[in-house]
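*Asks:* Residue numbers (UniProt numbering): 1 to 323.
Backbone N, C-alpha and C fix where the C-beta goes; we use that ideal spot for every residue, glycine too.
Source: prediction; values computed, not measured.
Can you keep this structure in mind? I'll have questions shortly.
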Amino acid sequence: MLSMRFDLRLPNMNAAQIADQYHAALDMAQWADGKPGFTIGLTEHHAAEDGYMSSPLVVATAMAARTSNVKFLIGCALLPMYDPVRLAEEIIALDYISRGRVTYVLGIGYRPEEYALYGLDFNERGRIADQKVEQLLCELDKAQRASEPLRVTPAPFTSPRPPIMWGGASKPAARRAGRLGLGFFAQTDNPELGKIYRESSLAAGHQPGPLVLPSADRPSIVFVDPDPDSAWQELGQYLLQDARSYAEWNRNTKHQTVSLSQAQTVESLREERAAHQILTPAEAVGQINLWGSLSLHPLCGGCPPKIAWSYLTNIEQYLLPLL
Numbered sequence: 001m002l003s004m005r006f007d008l009r010l011p012n013m014n015a016a017q018i019a020d021q022y023h024a025a026l027d028m029a030q031w032a033d034g035k036p037g038f039t040i041g042l043t044e045h046h047a048a049e050d051g052y053m054s055s056p057l058v059v060a061t062a063m064a065a066r067t068s069n070v071k072f073l074i075g076c077a078l079l080p081m082y083d084p085v086r087l088a089e090e091i092i093a094l095d096y097i098s099r100g101r102v103t104y105v106l107g108i109g110y111r112p113e114e115y116a117l118y119g120l121d122f123n124e125r126g127r128i129a130d131q132k133v134e135q136l137l138c139e140l141d142k143a144q145r146a147s148e149p150l151r152v153t154p155a156p157f158t159s160p161r162p163p164i165m166w167g168g169a170s171k172p173a174a175r176r177a178g179r180l181g182l183g184f185f186a187q188t189d190n191p192e193l194g195k196i197y198r199e200s201s202l203a204a205g206h207q208p209g210p211l212v213l214p215s216a217d218r219p220s221i222v223f224v225d226p227d228p229d230s231a232w233q234e235l236g237q238y239l240l241q242d243a244r245s246y247a248e249w250n251r252n253t254k255h256q257t258v259s260l261s262q263a264q265t266v267e268s269l270r271e272e273r274a275a276h277q278i279l280t281p282a283e284a285v286g287q288i289n290l291w292g293s294l295s296l297h298p299l300c301g302g303c304p305p306k307i308a309w310s311y312l313t314n315i316e317q318y319l320l321p322l323l
């Protein structure tokens, strides 16, 4: 019903402030664990000037160790930057620590800087992804078979393996998900991608799995406050930081995600009423009734933990009693 996302963008922060952000995220995960129906999303990027989180599995492990009920969605984990055997081992370790509460969305990313950091050819990212995803799935499947003489150990806690989807906004991404028998998490609401995914699944002998086509009408970065005007004054700079950072990264990409904004001011971002929204409790209930869930982003754009906590208090005080 409620989800909470962390990417840990940390613009212009010193080491102590960065540590405070990471520890606040862990504390917020523990807070969410006491609430019904919470999912926590963790995202990944590399070589980001604002310190965007690069190790979501590590953060998820820390969160899982402090929680018992909340579920986790890691996505997208940028597969070309991983060694498949080592990733299989880390997925299995986290599967045990969380007792099966983690779902993965794998992807290839879209920033050449990330490939340069890892010494990889950006133009070969599709080929690299195909090679590594097949090896990863093979290692996870082999781990279940005691007869295999050389395999990753132990076998996963989740049988046959933790849930894995493929993410992206392109036709090749949809085909890859279908061919491999994975679910598909699109970055757009383009129905053609869903059609390609289903056809590719059936052509490869798989029943189509979970399919997510996010709507452009659904807000993905939400705060709740009885007085949105006051909240925009307090939060606007952080929401705009988030919006402008993603827009800059996607400026030269072919495939646009539904959450992208071209706003250059807090006022224009608010007027869009798109991905970034501050809702009254009643409006938040309406969104939950419409979409089935509400996506919070408490530390969005480097929002200070003290401010972020006040809006989680709003969730507890104003929203949860209405659900």
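According to DSSP, Lys71 sits in a beta bridge with which residue or residues?
*Replies:* Beta-bridge pairing links Lys71 to Thr39.
*Asks:* Got a sec, what are the start and stop residues for the alpha helix (DSSP H) Met63 sits in?
*Replies:* Run containing Met63: Pro56 to Ala65, per the alpha helix (DSSP H) assignment.
*Asks:* Tell me whether the beta-carbon of Ile97 lies closer than 9 Å to the beta-carbon of Thr153.
*Replies:* The answer is no: Cβ separation not under 9 Å.
*Asks:* So, at 7 Å on beta carbons, what are the nonlocal neighbours of residue 326 in its own chain, with the 5 sequence-adjacent residues on each side left out?
*Replies:* Residue 326 is absent from the structure shown; the chain starts at 1 and stops at 323.
*Asks:* Determine the burial state of Asp7: buried for a count of at least 16 other Cβ atoms within 10 Å of its Cβ, exposed for fewer.
*Replies:* Under this definition Asp7 is a buried residue.
*Asks:* Of all the options Pro304, Leu312, Leu140 and Leu211, which has the alpha carbon lying nearest to the alpha carbon of Glu89?
*Replies:* Closest by alpha carbon: Leu140.
*Asks:* Given this structure, state the Cα-to-Cα distance separating Ala177 from Asp227, to the nearest angstrom.
*Replies:* Roughly 43 Å separates the two Cα atoms.
*Asks:* Can you have a look at Met1 and say buried or exposed, based on whether 16 or more other CB atoms are within 10 angstroms of its CB?
*Replies:* The residue in question, Met1, is exposed, as its Cβ has fewer than 16 Cβ neighbours within 10 Å.
*Asks:* Between Asp20 and the rest of its own chain, which residues show a CB-CB distance below 7 Å, the 5 nearest in sequence each way excluded?
*Replies:* Around Asp20: Pro305.
*Asks:* Express the C-alpha separation of Val70 and Gly34 in angstroms, rounding to a whole number.
*Replies:* Their Cα atoms are separated by approximately 8 Å.
*Asks:* For Ala275, which option in Asn289, Val222, Trp249 and Ser268 has the closest C-alpha, if you only look at C-alpha atoms?
*Replies:* Comparing Cα positions, the closest option is Val222.
*Asks:* Just grab the DSSP bridge partners of Val224 for me.
*Replies:* Val224 is bridged to Leu279.
*Asks:* Would you report the Cα separation of Gly301 and Ala216, rounded to the nearest angstrom?
*Replies:* Cα-Cα distance, rounded: 21 Å.
*Asks:* CB Val266 to CB Trp291, shorter than 9 Å?
*Replies:* Contact: no.
*Asks:* Is Leu94 near the ligand ATP, with its Cβ less than 8 Å from a heavy atom?
*Replies:* As for the ligand ATP, it is missing from this structure, which has no ligand bound.
*Asks:* Of the choices Ile40, Val85, Leu117 and Trp249, whose alpha-carbon is the least far from that of Gln131?
*Replies:* Checking every option, the nearest Cα to that of Gln131 belongs to Val85.
*Asks:* Which same chain residues, not among the five before or five after Asp242, have their C-beta less than 6 Å away from its C-beta?
*Replies:* So the qualifying residues of the chain are Cys300 and Gly301.
*Asks:* Return yes when the Cβ of Pro214 is within less than 9 Å of the Cβ of residue 332, no when it is not.
*Replies:* Residue 332 lies beyond the range of the chain shown here (1 to 323); nothing can be said about it.
*Asks:* When the Cα of Thr67 is compared with those of Leu319, Ile288, Pro80 and Ile40, which residue comes out closest?
*Replies:* For the residues Leu319, Ile288, Pro80 and Ile40, the minimum Cα distance to Thr67 belongs to Ile40.
*Asks:* Ignore the nearest five residues each way along the sequence and tell me which others in Thr158's own chain have a CB closer than 7 Å to its CB.
*Replies:* Only Asp95 and Gly100 meet the Cβ criterion.
*Asks:* Provide the residue span of the beta strand (DSSP E) that contains Thr313, from first to last.
*Replies:* First-last for Thr313: Pro305 to Asn314, but that is the alpha helix (DSSP H), not the beta strand (DSSP E).
*Asks:* Report the partner residues of Ile164 according to the DSSP bridge assignment.
*Replies:* Paired residue(s): Tyr104.
*Asks:* In angstroms, rounded to a whole number, what distance separates the CA positions of Gly236 and Glu134?
*Replies:* The alpha-carbon atoms of Gly236 and Glu134 are separated by roughly 43 Å.
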